[in-house]
Every structure is written in C-alpha cells, then in structure tokens.
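Here the structure comes first, spelled out in structure tokens, and everything after it is commentary.
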Amino acid sequence: TLLDTRTVPGELKWAASPSEGGWEEVSIMDEKNIPIRTYQVCNVLEPSQNNWLRTDWIPRSGAQRVYVEVKFTLRDCNSLPGVTGTCKETFNLYYHESNEDRESYIKESSFIKVDTVAADESFTQVDVGDRIMKLNTEVRDVKVTTRKGFYLAFQDVGACIALVSVRVFYKTCPLTIRNLATFPDTVTGADTSSLVEVRGSCVNQSEEREEPKMYCGADGEWLVPIGGCLCNPGNEDKGGACKACSVGFYKARSSDAGCSKCPPHSHSLRDGATVCDCHSGFFRADSDPPSMACTQPPSAPQQLISVVNETSVVLEWAPPRRLGGRSDTSYSLEYDPRLGSGSGSQLCLPCGSDVLFSPGQTGLKTTRVVVSELRAHTHYTFIVHSRNGVSQSSGAGAAQSVSVTVTTNQAGEKEKHSLSLSWQQPDRPNGVILEYEVKFYEKVSQRSYRIMRTFSRSVDVTGLNPLTVYVFHVRARTAAGYGEFSAPFEFSTNSDPFPLIGEGVNSAFLLLSVITQLIFVTLLCIPPSPPSLPLISRLSSMAGVKIYVDPFTYEDPDQAIHEFAKEIDVSSIHIERVIGMGEFGEVCSGRLRVQGKREIYVAIKSLKAGYSDKQRRDFLSEASIMGQFDHPNIIRLEGVVSLLTCSPFCVIKTFQKHDGQFTVIQLVGMLRGIASGMKYLSDMSYVHRDLAARNILVNSNLVCKVSDFGLSRVLEDDPEAAYTTRIPIRWTAPEAIAYRKFTTASDVWSYGIVMWEVVSYGERPYWDMNNQDVIKAIEEGYRLPAPMDCPVVLHQLMLDCWERERAERPTFSQILNMLDKLIRNPGTLLVPEVCVPEWSVCEWLQSIGLERYRDTLAAAGYTSLDIITPSHQDILLASVQQEMLSQMQHMQHTMVPV
Numbered sequence: 001t002l003l004d005t006r007t008v009p010g011e012l013k014w015a016a017s018p019s020e021g022g023w024e025e026v027s028i029m030d031e032k033n034i035p036i037r038t039y040q041v042c043n044v045l046e047p048s049q050n051n052w053l054r055t056d057w058i059p060r061s062g063a064q065r066v067y068v069e070v071k072f073t074l075r076d077c078n079s080l081p082g083v084t085g086t087c088k089e090t091f092n093l094y095y096h097e098s099n100e101d102r103e104s105y106i107k108e109s110s111f112i113k114v115d116t117v118a119a120d121e122s123f124t125q126v127d128v129g130d131r132i133m134k135l136n137t138e139v140r141d142v143k144v145t146t147r148k149g150f151y152l153a154f155q156d157v158g159a160c161i162a163l164v165s166v167r168v169f170y171k172t173c174p175l176t177i178r179n180l181a182t183f184p185d186t187v188t189g190a191d192t193s194s195l196v197e198v199r200g201s202c203v204n205q206s207e208e209r210e211e212p213k214m215y216c217g218a219d220g221e222w223l224v225p226i227g228g229c230l231c232n233p234g235n236e237d238k239g240g241a242c243k244a245c246s247v248g249f250y251k252a253r254s255s256d257a258g259c260s261k262c263p264p265h266s267h268s269l270r271d272g273a274t275v276c277d278c279h280s281g282f283f284r285a286d287s288d289p290p291s292m293a294c295t296q297p298p299s300a301p302q303q304l305i306s307v308v309n310e311t312s313v314v315l316e317w318a319p320p321r322r323l324g325g326r327s328d329t330s331y332s333l334e335y336d337p338r339l340g341s342g343s344g345s346q347l348c349l350p351c352g353s354d355v356l357f358s359p360g361q362t363g364l365k366t367t368r369v370v371v372s373e374l375r376a377h378t379h380y381t382f383i384v385h386s387r388n389g390v391s392q393s394s395g396a397g398a399a400q401s402v403s404v405t406v407t408t409n410q411a412g413e414k415e416k417h418s419l420s421l422s423w424q425q426p427d428r429p430n431g432v433i434l435e436y437e438v439k440f441y442e443k444v445s446q447r448s449y450r451i452m453r454t455f456s457r458s459v460d461v462t463g464l465n466p467l468t469v470y471v472f473h474v475r476a477r478t479a480a481g482y483g484e485f486s487a488p489f490e491f492s493t494n495s496d497p498f499p500l501i502g503e504g505v506n507s508a509f510l511l512l513s514v515i516t517q518l519i520f521v522t523l524l525c526i527p528p529s530p531p532s533l534p535l536i537s538r539l540s541s542m543a544g545v546k547i548y549v550d551p552f553t554y555e556d557p558d559q560a561i562h563e564f565a566k567e568i569d570v571s572s573i574h575i576e577r578v579i580g581m582g583e584f585g586e587v588c589s590g591r592l593r594v595q596g597k598r599e600i601y602v603a604i605k606s607l608k609a610g611y612s613d614k615q616r617r618d619f620l621s622e623a624s625i626m627g628q629f630d631h632p633n634i635i636r637l638e639g640v641v642s643l644l645t646c647s648p649f650c651v652i653k654t655f656q657k658h659d660g661q662f663t664v665i666q667l668v669g670m671l672r673g674i675a676s677g678m679k680y681l682s683d684m685s686y687v688h689r690d691l692a693a694r695n696i697l698v699n700s701n702l703v704c705k706v707s708d709f710g711l712s713r714v715l716e717d718d719p720e721a722a723y724t725t726r727i728p729i730r731w732t733a734p735e736a737i738a739y740r741k742f743t744t745a746s747d748v749w750s751y752g753i754v755m756w757e758v759v760s761y762g763e764r765p766y767w768d769m770n771n772q773d774v775i776k777a778i779e780e781g782y783r784l785p786a787p788m789d790c791p792v793v794l795h796q797l798m799l800d801c802w803e804r805e806r807a808e809r810p811t812f813s814q815i816l817n818m819l820d821k822l823i824r825n826p827g828t829l830l831v832p833e834v835c836v837p838e839w840s841v842c843e844w845l846q847s848i849g850l851e852r853y854r855d856t857l858a859a860a861g862y863t864s865l866d867i868i869t870p871s872h873q874d875i876l877l878a879s880v881q882q883e884m885l886s887q888m889q890h891m892q893h894t895m896v897p898v
C-alpha cells in the first residue's frame, strides 16, 4: 500500500484549486466510530464547476502499475430541486508522474485523465442518515513507469460528493517456494496481460536440477513453475525444505525420491547418510547399488563327480548350499599337483597349455565341464571354486574347494563304436521342453539317417563304425511342436572332433562346447486375439475407410482417450516457458524427446486446477478428436501426459507480419494444404464448425494445418447458442446460423472466408460491421469483394463457396482439384489490367449485379465512369463498398443487436 487516508494521522492538507469554495477537508466518524479525514464538495447550484483536489507526492516504490481504490458517497441530483443542468453525478480521476515532490500548485494541463467515475448508488435527503450504507467503492489502475513517483487528482464538475477514503496500492506475487526453489516477492508487470519471468534460487542443501523459473501474472498470482531443485544426497524434501536423513535411513542420489530405509544387513549410525554400511561378515561389491542388501560369499560346490572317457573327463557338481544372497555365482577350475602325491606315486604334472576346458575354465555359469587332451596313465586333481561378486571384497581369498583324483586309461574297444553327446537347454525354449530329437548319418553317405529321442540333454550313440565321420543335428519339442534342427556337427569315432562346417573352430573343441553354443530351437507362437472394440470403432475401419468416432458417445471420457490417444512419459517433456492462456489453462512451449526419435518443439496445453467435470470431459474429448486424425494438413496430437496435449506449430496470426511478401503461388499452396486437410476430415464424416484463419497453424515451411476442434458440440450443449459470442458469425454459413445445420457444406462456406483472410493477409472479414449487419448483408446477397491483387479465379472460387444453397457449393475434393489446376497453370493466377468499357454508371452497375446502388452512387457524385480511373476491377468496387458501409451504419439504430 502506497497511500491509505484512513491510516494517515492528523490532517491530509492536500492541494485544492480553487483554495476556497471548492473541495473542503472534513473529519467524520467511520462505521467503527473512528475519526477519519475526508474531502467534500457540493456546488450544485452554480454552473461550470471546475474544482480540483490533488494528493501529496506518492513514491511508486518500484511499482509499474498502481491501483486506486476510492470510497465515496454521492447525492442524487433528482433529490435536489432547481439544479437542472448544473448538477452532476460523476467526477474525474487524473494522475501526473514526477521525480520529486516540488509541485506547489496544481497545473491542470500536466495531468492525464484516468477515467470518469460514476456511483452505483446515490443517496437522497430522505435517507441522508443512512449514507454510510450507500458507500460506493471504485478501483482504477494506472501505469506509472517513467518517474520515481506521481500525484493523483480529483476533478469535480458540479457534483455533491464526499471522498470517504483513498487507497493506492500495487500488486506483487508473494514470496514462495516451489520445487525446492525460493521465488522472491515480485512486483507485477506494467501491462495487465504481462508476465514477469522470475528465476528462483535453490533452498539450502539442494542443487539445481533444471533452471527454476516461474512467471508472475498481472493479478499477483504465480504461474506454471518450470524446472526446480533436488535435495542433495543424504537429504530429502520436507515441506519445501531439505532435511537430513535420520539414523537408519539413507539417500544416495539427488534424483532419488526421498530417504530410504537401510537395506538388509546394513545400517547407518548418523544423520544425512548417503550409503548404509554393511554388518560384520557381509559385503557390497563395487558394482552393487546402495539399495542392494549386503551379501556374503557362497559356500563350496556340492556333490562333485567325474566320468572318464579315454583322454577326457566330464566334471559335474551341484550348486553351493548357501549362495550368500546373490544370483551372480560363477565357477572356476584349478588343480594342485601336490594333492596328487601318495604312497608309491609321483607328483601330479601341471596341466599344460594343451589341456582344453569346455565351455571354459573360469567364469563358468554351468555346473558341467568337459576337460580333454589329458595324458594317459596320469593322475589329475581338479579343484572347483564357487565365487560371487563379494568374494574378493570379503578378503577371505578363494572360496572353499573340493578335489577329485582321476586316472585316465587307453581307449577300449567300446569307444570305437560309440559316441556320447550332450547339450544345454536353449536360451528361449518358449515353453516346457518335452523331449529332444537327434538325427545323425555318415558324412560320406547321406542317403540314410537314424533318429534318436531322449528326455535328457545327453545321449549315448552306439553301433557306429570305427574311424568314421558322422554328422549330427539336434532339435527340441514343446507343446507347440518341434523347433528347427541345429546346425550340423561332425564327429569321428575313436578320434577328435572335426571343425564345424563353414566355421574355423579349432578341432580340439569337444562335443559339449560345440553343441552347447550352437543349438537353436524355433517354436510356433500363436498370438492372442486382439481385445474387442466398440462396434462403431470396428465399423470405422471396414473396407479401408476410416470414419470419425464422436468421443461423446463414450460414457467415460477416459475410455475414449485410451483408445484414440497415446500416453507419453512425463520425463520426455521439457517445458521451457509460458506462451499464453487457453480456454482450459496455461499454454506452454517446450520440447518432446521420444526414444529413437529426434527431438521436436511442441506446445503443451494444460487443464487448470479446480476444473469442473464438464471442463475435464470437454478437454479430454478435444484430445480424443485430435487423436483420430493422421494427415499432413491436420494438427497432430503427439500424445497425452496426464492431462496435457501437445502440438508442434505456431499460430497463423504471425503470418500478418508478412503482408505482401508472399507470391500468389505460395498463397495458393497454403490454401491447397488447408483444403487437403478439410477433405480428409470430410472423408471421415467430421464437421469442423469453426474453420477460420485463427485456427490454421503454419510452420516455417508454410505447411498449414487445421486445428482447434473444441467447438464441435457447442450448439448441442446450448440450444440457445446460435447468436452467442462463441459462434463465429463472420465465418458461419447462413443455414448454420439460422437453423443450426452444420455440414461439410457449411465448412466449405467457412473455407471461402479463410481464402479471403489469407489472400488479404489477415484482414478482418466484413471489417468493422457488427454481427447483425453481417447477417443482414448476407441475407440481401452481399458477398465480400476481392482483396487487392486477388486473381479473378480465386475470388470466383470464394463466391462459389458462398452460394446460398448449400447443394450448389463445391465439395472439398472439387476445391482441391481446382487449386491443383491453378498451381499447375500459374498463368491463370495473373491479375490482368482491366480496360474500362464505355458504359454509363447504370450499365456498369447492371453488369456487376449492383444496380440497386445507382441512387447511392449518384448522391455521392459518381455520375460518370470518366471520374472513376481504376487499375483493375477491385478498385472499381471500392466506392460501392464504401457507400454500402455508410448506409449500413445509418441503419444500425433500426436493427436488433446480436
């Protein structure tokens, strides 16, 4: 508050002119019996009053727009006899900006008028005792930006008035905390529609996630917080402040939602912990996240067994009894030659580089290993170790181990006629494997083959010829059937395996490693049937024709949104700034980044807080409408985020800045895009009802897109809405205004108006005529004239769109064909110079169908065509147009306003 006369002690002593006989300072008692200072004047019997009252100098204290609240009482002139012509019931409010308080007198010419103030209620002599009940309150706002302060002045021109109190104040957006950022008390902008951008600062113990910003509105309300801060590790958000995590809790990253309880087998002994320490005997690997429980190393493998086959051995074991609470257990094989010594035996020889482990020696996930290329008549001791991610962190060295001694013998007669095959289960079995099938044959003679079936992952093949190469294939069977056979594998009886066909695999790799790595199983997969859809939705895709589905046919708008719109993860949206206010809430600009796609700029339309059920339904229904359209000339709905809709273009109103800078071909190309979008909508049986240039969005490549589908049900919702301000009279067809008959033909009428807007570079249709005049003129056959430099063929197409009978208007398909012909033949778009025929004014008016304006032109002095020197037909019509407008203005008092 910059001034409040109720709180000023003593006299106000404002400057008055004249100093006597005008405004007079008087003390009265207010409604709480507190004395206040007021100013009164009541010179109603004397004519030509000019009484001025000026306040003291008021410093504006950084304000850019101030508000003046005046409480006053005013005498009804009708209650005063003999004051006809001299008594007034208003006074004037003025202001004057100044850098300092040095104005000793009132200079009326330096003051700027704010407004004439009238009373809502006045009092008479009868109820003068109740005048406190007739107190009027008026508020006016003033823009003060050029000086350090200002004066206010009140001018009386003959009223009986008392200024009870004067309060001058300005609005601020108060200090607030949003998204852990502090926004200071901020003075609103100078204009009533301005938004002041304010950068916030992170609260203590927090860091900036994204630059925090908010906008201070002219009404002193904060709008749409953008960005924000995150509490530092070890701290969490508690009512807008970052507080340390308590004992037993932790927070590892700023991005974590809040403090979490320590995971099992860990603890925190102080406030503000970023990680919990493990209990004794438990450990955490370097790659483990802080949220993972502390774990232990595994116990030793169990039930280690061995099977010797000539110079190879198969080792198998069971997993450890205790895995330590982890799932990353692996195995490694080692040997210790000292363990092989005994009575009468030599020390074991170390495994040389020629010994092979299949599938490997370390980092094993399987519990089966084949060791080959062993020496005959040699003792080997194998040690199997189990390890996990904390085995090294535990400091206990290698895990417990188990050993076995194996003695290999020379190959016997049996091995010359048999082979042992084994393999692992496929990675993607697609169901429970019922059995395996093995097919094999001699490589030299492939005319016959044998089939073996087994329930296990191994098989002994007998009855083979010695020193013969065999080819093997393996496949699996589930309830869905057999998969494909694996690639071929070649093995020789009583010999080492051969390399894989087409692969440079070392011949020393044993069967197990080869089949384990390369067996493939392919199964049949029958996809589930799609979910059932509403009948109207199923019909919409029949015969390849897509039909628009009215979202209002759904009882639940969420169901329509689910069917027609795509949900977008809120993390994909980056809001940058507020660009305006929409019907449902704020409209922001930002960016959308979807994985696998390039980032695009979008507009984000939000549903404001405190919405009604109807507003929510209308909001969702508009998104459901847009979600059904997929056309290059229809605005695209990228998706919904909770209650956000997005589209990536700016409005066509900026197009007005380029008046005259586009070629006719460019304008026709833009009109062609609009027509293409409307043809798409009409083919879907959708009627737009609000086609206008303001609802056409255009991108930097002049690609036009039809938008704004929010008016589609206004007339149904409100049967009396035909003449409300929500119905765009200037763009609406006559039958739609009179009978609410909205069809594709009425959209064609609106398209003709859009053509006129585009060619005239955003001129307002029918100029300053009011809605009633527009309706009246159209009923009498008037149509908009051609804009300046408009090709005749384009204006003729507009006139075709404005045919009174809707059946005579062209379809959007015909309009599209016409525009395509014009683009292919640009010569038809030239504006030729027009020679004026030697006609009389009457003949000329008859030739253009306006003979009824003959008397109007004659009265204006247009008696001969010699005084009309046009360069083309448009200028010929200008005089008629001007006279028509003048005549309509004279007729307004006889018409009913819309």
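The sequence shown: position 605 = 605 (UniProt numbering), numbered continuously.
By construction, the Cβ of each residue, glycine as well, lies at the ideal position given by its N, Cα and C atoms.
Can you grab the Cα-Cα spacing for the pair residue i / residue j, in whole Å?
i           : j           : result
residue 324 : residue 467 : 49 Å
residue 477 : residue 330 : 30 Å
residue 575 : residue 224 : 9 Å
residue 743 : residue 634 : 19 Å
residue 321 : residue 306 : 20 Å
residue 361 : residue 370 : 10 Å
residue 15  : residue 57  : 11 Å
residue 207 : residue 259 : 16 Å
residue 255 : residue 705 : 39 Å
Does the beta-carbon of residue i have 16 or more other beta-carbons within 10 angstroms, so that it is buried, or is it exposed?
i           : result
residue 765 : buried
residue 434 : exposed
residue 47  : exposed
residue 797 : buried
residue 162 : buried
residue 156 : buried
residue 453 : exposed
residue 455 : exposed
residue 638 : buried
residue 142 : buried
Under a three-way DSSP split, which group does residue i fall into?
i           : result
residue 92  : strand
residue 826 : helix
residue 981 : Residue 981 is absent from the model: the chain starts at 1 and stops at 898.
residue 631 : coil
residue 681 : helix
residue 423 : coil
residue 559 : helix
residue 317 : strand
Once you ignore the five residues that flank residue i on each side, which residues in its own chain have a CB closer than 7 Å to its CB?
i           : result
residue 741 : 735
residue 247 : 268, 269, 270, 271
residue 774 : 729, 730, 766
What does DSSP give as the partner residues of residue i in its beta bridges?
i           : result
residue 162 : 40, 73
residue 769 : DSSP output for residue 769 lists no bridge partner at all.
residue 237 : 242
residue 490 : 471
residue 218 : Paired residue(s): none; residue 218 is not in a bridge.
residue 52  : 17, 155
residue 211 : For residue 211, which the question treats as bridged, DSSP gives no partner whatsoever.
residue 611 : In the DSSP output, where bridge partners are listed per residue, residue 611 has none listed.
residue 302 : 318
Report all residues from its chain with a CB closer than 6 Å to the CB of residue i; omit the five preceding and five following residues, and keep chain order.
i           : result
residue 748 : 801, 809
residue 334 : 383
Under the criterion of a Cβ to heavy atom distance below 7 Å, does residue i qualify as lining the ligand PLP?
i           : result
residue 676 : What this structure holds is no ligand at all, so the ligand PLP is not there to describe.
Taking 8 Å as the threshold (beta carbon to beta carbon), is residue i in contact with chain C?
i           : result
residue 729 : The structure shown contains no chain C, having only a single protein chain.
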